[in-house]
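See structure below.
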Amino acid sequence: MRVVIVGAGKLGYTIADLLSRDNHEVIVIDKDESQLVAVKNTLDVQTMTANGASPVTMEDPDVEGADIFIAVTSIDEVNLIACILAKKHGIKHTIARVRDMEFMTEAGDYLKENFDTDLMLNPELIAANEIFRILMTPAALNVDDFADGKVRLFEAKIKPDSKLPDIPLKKLKLPAGVLAGLIFRDRRMIIPHGDDVFKIGDNAYFIGFPDAIEKFSSKFVRQDSKRLERVMIIGAGRIGRTLAVMLGKVGVYVKIIEKNPDVCREIAGILPGESIVLNGDGTNIDLLKQEGVAAADVVVCLTEDDKLNLMIALLAKHLGAKKTVVRIYRTEYSDLIETVGIDVVISARLLSAGEVLAFVRRGGVARVSILEGARAEAVEVIVREGAEVAGKKLMEVNLPKSCLVCAFVRNNVAAIPNGHTILMPGDRTILFCLKGSTQEVMEWFGVN
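Mapping the sequence shown onto this note's numbering, position 437 (from 1) lands on 1540, and the numbers just tick up by one.
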C-alpha cells in the first residue's frame, strides 16, 4: 500500500517509521528540506521537498496514485486543505492532524462530513484521555479497552510484596477471566509460556474481562491507598488543560503550575470545581513544597521539554509524591525514565501512531495499542473468511512464537482462549505481537 505523509516533524517521522516496518511504500513530503534529513538518513522511505498542500504536488504521479494521504504538519488549516486536495485528486482515504481542541470537541463531525477527512488526529487529546484512564485505575501503568469495552488490557509493576514472582505461570492461579500476556524485563518484551515466571521489577501485561481485571488490579494497590483525590499538573499546554477539566469533572482536585502568565489567565476560567492554576516554575523546590507536592496522589509533568519533565518528576518523588506521570517527545528516553523510578511514561506520538496503524490496516484490524516504545503491539483483529486460523484448534495452528492470542469476542460475548479453542470468521480477536512480526501474524488471520 502506498502512503503519503505530509509533515516530517516528530509525529510524521514516527508514523513513517511504523508504516515502513509494516512494509508499506511510504513517501514523506515537507517543504523544509532540513526537516527531511532525519527521515532520509534513518528510514527506508521516499522523500520529497515540496508544499504538501499544493495542487502541483498532488499531480505528482507518486502522490496522485497513493492509497492513503496523511497530513500532520503543525498547522491545522494546512492539514485540512491538503486532505481536501488529496480527495479531489483521487486519493480515497485521508487523515489530518487537528490540534485545535474546539475543532475536535465542537466541530469534529462537521469537519469529517464537509472536509473529506476520514480520520482526525489530535495527539494531545488522545494523550489526555490515556492519562485519565490510567489515573482512574490506581495500580495501572497502562490500561486499554478492546472490542467495544468487552476486553481490557492492564499493565502493572511486579512489586517486592507481590505473591506473583518466581511461580511458573502454569502453576500460577490467576482469577477466571484474566490472562498473563506479556512481560517487559531488561528492556525486552517476553511472550510468556508455562515455565516462565514473573520477577520483581517486571512490567506485567494482563488481559481479560473488564470486571475481572478491575478486581484483579486491586491486588496491586496498597491497602492504605485511597481513591484519587489530588493531582498536581506541571505545564498547562493542551494536554494539561484538557486533563485538568476531565479530572475536575469527576471530583478530583487539580492544581496546575504554569510558567506563562498569559496561559494561566487563559485557563483559569475553564477549570471546574475548586481546581486552581498557579503562575510559577515547576522546577522550584520551595514552590513545590509550599504547594503541597507531598500530598499529591499523582504529579503529572507535561512541559514541552523531556529532560525538564524528568527532573520535575524526580524532584516530586524526592519530596514525597506518591506517583508520577511524564510526557515525552523522544521515545528513546522512555527506558531511562522508567529505570530511575518514574511510574508512567506517555508518548502522544506513539498513541497517535497507533490510531494511524489501525486505520491503515483497516478491513480486519479494529484497534492497535503500541506498547513499550513500539517493542510490541496489542492488536484487535477480525478473523476473515478463509483465514489460516479459522476452523482449527489453536494448538494445531502453527502461529509464530512472536504472537499470543489473548482473548476473542463472538456474538458479543468475550472469552479467554486455550489450546482447544477454535476461532471462526467474524471473531474479534485480541493479540500480543512482538516488534516486527505484526504483518506476518496478520496474514494468518486473513488480513493482508
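For every residue, glycine included, the Cβ atom is placed at its ideal position computed from N, Cα and C. Just so it is clear, the structure is predicted and the values come from calculations on it, not from any experiment.
Range covered by the beta strand (DSSP E) that runs through E1480 = 1479-1485
request  = Measure the CB-CB distance between V1447 and I1237 and report whether it falls below 9 Å.
outcome  = yes
ask   = With a CB to CB cut of under 6 Å and the five nearest residues on each side skipped, what residues in its chain are close to L1122?
value = V1106, V1129
Simplified DSSP state of L1188, which is helix, strand or coil = helix
query = Which of the three DSSP states, helix, strand or coil, is assigned to Q1326?
reply = At Q1326 the pLDDT is 46, less than 50, meaning the model places this residue with poor confidence and gives no usable figure here.
message = Which same chain residues end up closer than 6 Å to M1223 when comparing Cβ atoms and leaving out the 5 residues on each side of it in sequence?
response = A1199, V1201
Proximity winner among R1531, F1235, A1141, A1419, relative to Y1116 (alpha-carbon distances) = A1141
ask   = Residue range of the alpha helix (DSSP H) that E1458 falls in?
value = 1451-1463
message = Less than 8 Å separating the Cβ of D1289 from some heavy atom of the ligand SAM?
response = With respect to the ligand SAM, the structure offers nothing, as it holds no ligand at all.
ask   = Can you name the residues that DSSP bridges to Y1116?
value = According to DSSP, Y1116 bridges with nothing at all.
request  = Run the CB neighbour count on A1461, radius 10 Å, all protein chains shown included, and call it buried at 16 or more, exposed below.
outcome  = buried
key: Straight-line Cα distance separating G1549 from T1160   = 35 Å
inquiry  = Which same chain residues end up closer than 6 Å to D1327 when comparing Cβ atoms and leaving out the 5 residues on each side of it in sequence?
reply    = Confidence is the limiting factor: at D1327 the pLDDT is only 46, short of 50, which leaves the residue's position unreliable, though a coordinate-based value still follows. Nothing listed; no residue qualifies.
Closest by C-alpha distance to F1511, when choosing among N1501, I1485, K1504 = I1485
query = What does a CB cutoff of less than 7 Å around S1472 pick up in its chain, not counting 5 residues either side in sequence?
reply = D1247, L1256, G1457, E1480, A1481
request  = Taking only the alpha-carbon atoms, compute the straight-line gap between N1245 and D1163 and give it to the nearest angstrom.
outcome  = 42 Å
ask   = Secondary structure at P1278, three-state DSSP: helix, strand or coil?
value = coil
ask   = Thinking C-beta only, is F1287 closer than 9 Å to E1475?
value = yes
query = Do you know offhand how far I1294's Cα is from A1307's?
reply = 10 Å
inquiry  = For the alpha helix (DSSP H) containing A1469, name the first residue and the last one.
reply    = Not the alpha helix (DSSP H): A1469 falls in the beta strand (DSSP E), residues 1468-1474.
ask   = What are the boundary residues of the alpha helix (DSSP H) that D1555 is part of?
value = For residue 1555 there is no data in the structure shown, the boundaries of the chain being 1104 and 1551.
query = Within this structure, are the beta carbons of S1320 and A1242 separated by less than 9 Å?
reply = yes
message = Quick check: what's the CA-CA separation for G1385 versus V1443?
response = 19 Å
message = Which of the three DSSP states is assigned to E1499 in this structure?
response = helix
inquiry  = If I follow the unbroken alpha helix (DSSP H) through R1341, where does it start and stop?
reply    = 1341-1352
ask   = Quick one: Cα of I1525 to Cα of L1497, how far?
value = 6 Å
ask   = In angstroms, rounded to a whole number, what distance separates the CA positions of I1118 and F1301?
value = 33 Å
ask   = Near A1185, which residues of its chain fall below 7 Å by C-beta distance, leaving aside the five closest residues on each side in sequence?
value = V1109, G1155, A1156, A1174
ask   = alpha helix (DSSP H) containing K1143: first to last residue?
value = 1140-1145
key: Under 9 Å between C-beta atoms of L1552 and A1477   = Since the displayed the chain opens at 1104 and closes at 1551, residue 1552 lies outside it and no answer follows.
ask   = Excluding five sequence neighbours on each side, which residues of the same chain lie with their C-beta closer than 7 Å to the C-beta of Q1542?
value = D1125, N1126
key: Proximity below 9 Å, CB of L1277 to CB of F1312   = no
request  = Using DSSP bridges, identify the partner residues of D1247.
outcome  = L1256
ask   = Going by the beta-carbon positions, is the gap between G1297 and P1271 smaller than 9 Å?
value = yes
query = How would you write the range of the beta strand (DSSP E) that A1174 sits in, first residue to last?
reply = 1171-1174
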